[in-house]
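Position one of the sequence shown corresponds to residue 1 (UniProt numbering), numbered consecutively onward. Structure record follows, encoded as structure tokens.
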Amino acid sequence: MTGPIGGWSPWAPPGHARENYQGAANMVPSRACAAWKNEAPSSSAANAGGPDAMPQPAEDRISEAAIVEAAHALRAPAVRMLEQLVAHPSLLGHEQDAQAFMAQSFAKLGLRVHQFEIDEQKIRRHPGYSPSIASYEGRTNVVGIHQPRGPQKGRSLIFNGHIDVVPTGAELLWKHPPFQPVIEGDRLYGRGAADMKAGIAAYTMAYAALQSLGLEPASPVYFQSVVEEECTGNGALACLVEGYRADAAIIPEPLGGVMTCQMGVLWFALEVLGKPVHASVAQTGVGAIDFSLYLFSELKKLEQRWNEPANRYRSYAHHAHPINFNLGKIQGGEWASSVPSACRSDIRIGFYPDMNVARAKAEVEAVLAAAYAAHPARESLRYRLIYEGFQADGFDLDLDSPIVTELSKCHQDIVGQALEPTAFTGTTDAKFFNIYGQTPAVCYGPTGSSIHGIDEWVSIDSLVQVSAVLAVFMARWCGVDRID
Numbered sequence: 001m002t003g004p005i006g007g008w009s010p011w012a013p014p015g016h017a018r019e020n021y022q023g024a025a026n027m028v029p030s031r032a033c034a035a036w037k038n039e040a041p042s043s044s045a046a047n048a049g050g051p052d053a054m055p056q057p058a059e060d061r062i063s064e065a066a067i068v069e070a071a072h073a074l075r076a077p078a079v080r081m082l083e084q085l086v087a088h089p090s091l092l093g094h095e096q097d098a099q100a101f102m103a104q105s106f107a108k109l110g111l112r113v114h115q116f117e118i119d120e121q122k123i124r125r126h127p128g129y130s131p132s133i134a135s136y137e138g139r140t141n142v143v144g145i146h147q148p149r150g151p152q153k154g155r156s157l158i159f160n161g162h163i164d165v166v167p168t169g170a171e172l173l174w175k176h177p178p179f180q181p182v183i184e185g186d187r188l189y190g191r192g193a194a195d196m197k198a199g200i201a202a203y204t205m206a207y208a209a210l211q212s213l214g215l216e217p218a219s220p221v222y223f224q225s226v227v228e229e230e231c232t233g234n235g236a237l238a239c240l241v242e243g244y245r246a247d248a249a250i251i252p253e254p255l256g257g258v259m260t261c262q263m264g265v266l267w268f269a270l271e272v273l274g275k276p277v278h279a280s281v282a283q284t285g286v287g288a289i290d291f292s293l294y295l296f297s298e299l300k301k302l303e304q305r306w307n308e309p310a311n312r313y314r315s316y317a318h319h320a321h322p323i324n325f326n327l328g329k330i331q332g333g334e335w336a337s338s339v340p341s342a343c344r345s346d347i348r349i350g351f352y353p354d355m356n357v358a359r360a361k362a363e364v365e366a367v368l369a370a371a372y373a374a375h376p377a378r379e380s381l382r383y384r385l386i387y388e389g390f391q392a393d394g395f396d397l398d399l400d401s402p403i404v405t406e407l408s409k410c411h412q413d414i415v416g417q418a419l420e421p422t423a424f425t426g427t428t429d430a431k432f433f434n435i436y437g438q439t440p441a442v443c444y445g446p447t448g449s450s451i452h453g454i455d456e457w458v459s460i461d462s463l464v465q466v467s468a469v470l471a472v473f474m475a476r477w478c479g480v481d482r483i484d
């Protein structure tokens with residue numbers, strides 16, 4: 001993911017006195033939510049505001065301003081939860097401690113907790129499957145399930161977030177250890193803080209905010225914490241295969257605006273064999289590393305063609321450079337005085353939503369075949385492609401979809417600013433819901449910067465603001481009931 005992305009400001013509605021609103025402090029918290037209320041409310045709660053009321057019976061009405069205030073009152077617990085999540089180094093294959101924490105967090109809210117290990121044989125048959133680069137043994141998804149106690153009154157909803165994080169890169173470049181969260185002003189630093197543990201904290205605290213007012217959604221809500229978004233998305237796919245569906249889904253990724261369009265992404269490894277000789281006569285051999293770089297340079301020409309304005313997909317027409325081919329990892333050579341005999345390159349490419357994985361593969365393979373045929377030493381060279389990791393199509397969600405229009409209105413009402421639709425040049429788990437799940441999905445989450453980079457951070461104000469918007473949206477979308 002890319003940044004930087006701007007921060008947010010709490011909204012105080014013009015022309016309304018705060019004392020006209022029914023405050024969260026006057027509500028009785030439920031037992032399930034009591035643990036979140038042990039800390040003093042943040043001073044930011046005093047600035048909370050919102051529209052006058054959500055539709056409820058007049059005799060039992062709680063204002064949306066009270067919901068916003070309740071979310072702001074949970075600022076300290078939200079930050080504490082995020083700090084605890086960042087302190088879990090949930091790298092690929094090492095997500096379980098963080099997932100155990102999420103199971104405990106969901107249980108504390110009174111949600112029914114469903115934990116399940118990914119069955120690769122089951123998901124392998126699904127068209128959305130991507131070949132994994134790690135074993136699934138002992139790695140579980142965690143879903144917190146809310147079912148209304150009475151008749152369903154609204155629409156169902158999924159909140160989805162991924163618990164895995166990418167590698168830190170060179171830790172010497174970080175000003176703080178990446179898995180020791182540090183707060184400086186409005187910023188909380190740490191690997192995964194923005195991408196996307198703040199989003200998980202935001203949807204968890206949105207539910208806690210409703211509970212603190214003695215409310216619960218009047219429709220089913222599923223809170224998914226999944227593994228392996230960063231290389232396949234198979235964690236979210238496994239939830240789909242398990243049968244999770246809803247009328248809409250929100251993924252609180254740190255993308256800015258409301259993300260309604262995203263690229264397809266393809267990962268592959270390029271393995272090359274060269275002609276090794278002694279370095280003193282290097283001109284008589286062919287280095288595998290050199291040949292790998294030659295092949296990638298030919299692929300970069302394909303990137304350039306796809307980026308030409310005439311070839312751009314409409315949602316990226318004004319994007320300066322939507323298509324990116326990345327040589328993310330290279331391993332090759334055996335000895336400083338030997339021309340390398342072998343090299344492996346791990347490559348990621350993006351492609352437009354009106355293409356598909358099969359077409360992207362075909363164009364890549366055609367470029368490599370032509371490059372190989374044109375190389376003067378081809379008889380001494382060999383290469384092969386290995387497809388593993390992302391094999392992900394893109395999507396473009398209709399801007400008139402109710403999840404887009406109603407979430408945008410909710411944001412406008414609470415934040416006082418328009419929520420702009422965005423097209424992402426990467427991929428997220430929203431693809432599974434939109435392409436295969438009959439569940440329209442968007443990304444909308446806290447903002448930050450240095451995603452996948454050094455000194456990743458998230459805005460604490462934006463975390464709290466997104467939590468408030470999600471709480472009000474949940475009330476509008478799902479309806480609410482009083483907790484007995």
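We put the CB at the ideal spot given by N, CA and C, even for glycine. Predicted model, so just to flag it, every value in this text is computed and none were measured.
#### Entry: First and last residue of the uninterrupted beta strand (DSSP E) at F159
L157 to H162
### Query
Are V258 and V458 closer than 8 Å when you measure CB to CB?
no
### Task
Could you tell me the distance, in whole angstroms, from the CA atom of E242 to the CA atom of N234?
12 Å
### Cβ neighbour criterion (16 or more within 10 Å) applied to F116
exposed
### Message
Using a Cβ-Cβ cutoff of less than 6 Å, which residues in the same chain neighbour Q331 once the five nearest sequence positions on both sides are dropped?
### Response
Only R344 meet the Cβ criterion.
### Query
Which residues mark the beginning and the end of the alpha helix (DSSP H) in which Q96 is found?
Q96 to K108
### D484 versus L111: straight-line alpha-carbon distance, rounded
16 Å
### Query
Roughly how many whole angstroms lie between the Cα atoms of A58 and F159?
With a pLDDT of only 32 at A58, under the threshold of 50, the placement of this residue in the model should not be trusted; the figure read from the coordinates follows. Whole-angstrom Cα-Cα distance: 29 Å.
### Task
Assign L385 to buried or exposed, taking buried as 16 or more other Cβ atoms, counted over all protein chains shown, within 10 Å of its Cβ.
Exposed: under 16 other Cβ atoms inside 10 Å.
### Segment limits, alpha helix (DSSP H) that includes D267
The sequence shown places Trp at residue 267, not Asp. Counting along the chain, W267 falls outside any alpha helix (DSSP H), though it belongs to the beta strand (DSSP E) covering G264 to L273.
### Runs of alpha helix (DSSP H) lying entirely within the segment 394-482, each at least 4 residues, in chain order
402-415, 430-435 and 460-478
### Task
Assign residue 487 to buried or exposed, taking buried as 16 or more other Cβ atoms, counted over all protein chains shown, within 10 Å of its Cβ.
The first residue shown for the chain is 1 and the last is 484, placing residue 487 beyond what the model contains.
### Query
Can you give the beta carbon distance from A201 to L85, rounded, assuming they're within the 8 Å contact cut?
7 Å
### Query
Going by the beta-carbon positions, is the gap between F268 and Y387 smaller than 8 Å?
yes
### Query
Going by the C-beta, is R75 closer than 7 Å to any heavy atom of the ligand FMN?
Among the components modelled here there is no ligand, and therefore nothing to report on the ligand FMN.
### Query
So what's A342 in DSSP terms, helix, strand or just coil?
strand
#### Entry: Residues bridged to L385 (per DSSP)
L270
### Task
Check G23 in the structure and name its three-state DSSP category.
Low local confidence applies: a pLDDT of 27 at G23 is under 50, so the model's placement there is unreliable, with the coordinate-based value given in what follows. It is coil, neither helix nor strand.
### Query
What runs of the alpha helix (DSSP H), each 4 residues or longer, lie entirely inside the UniProt domain "Peptidase M20 dimerisation" (263-374)?
Restricted to the UniProt domain "Peptidase M20 dimerisation" (263-374), the alpha helix (DSSP H) segments that are unbroken, complete and at least 4 residues in length are 288-307 and 357-374, listed in chain order.
### Beta-carbon proximity list for P131, same chain, < 6 Å, skipping 5 on both sides
E388
### Query
Can you list, in chain order, the residues of its chain whose CB lies under 8 Å from that of P177, leaving out five sequence neighbours each side?
E171
### Task
Evaluate T232 with the Cβ neighbour count: other Cβ atoms within 10 Å of its Cβ, from every protein chain shown; 16 or more gives buried, anything less gives exposed.
buried
### Query
Is H126 helix, strand or coil when you go by DSSP?
coil
#### Entry: Any 3 or more C-beta pairs closer than 8 Å across the segment 377-384 and the segment 402-416
no
### Query
In chain order, which alpha helix (DSSP H) runs of at least 4 residues are fully inside the segment 219-271?
234-241
### Task
Could you say if the segment 314-327 and the segment 413-427 meet the contact criterion of at least three C-beta pairs nearer than 8 Å?
yes
### Message
Quick check: what's the CA-CA separation for D429 versus A236?
### Response
6 Å
#### Entry: Pair within 8 Å by beta-carbon distance, D247 and R149
no
### Query
How would you label L399, buried or exposed, when you count the other beta carbons within 10 angstroms and need 16 or more for buried?
Around the CB of L399, fewer than 16 other CB atoms lie within 10 Å, so the residue is classed as exposed.
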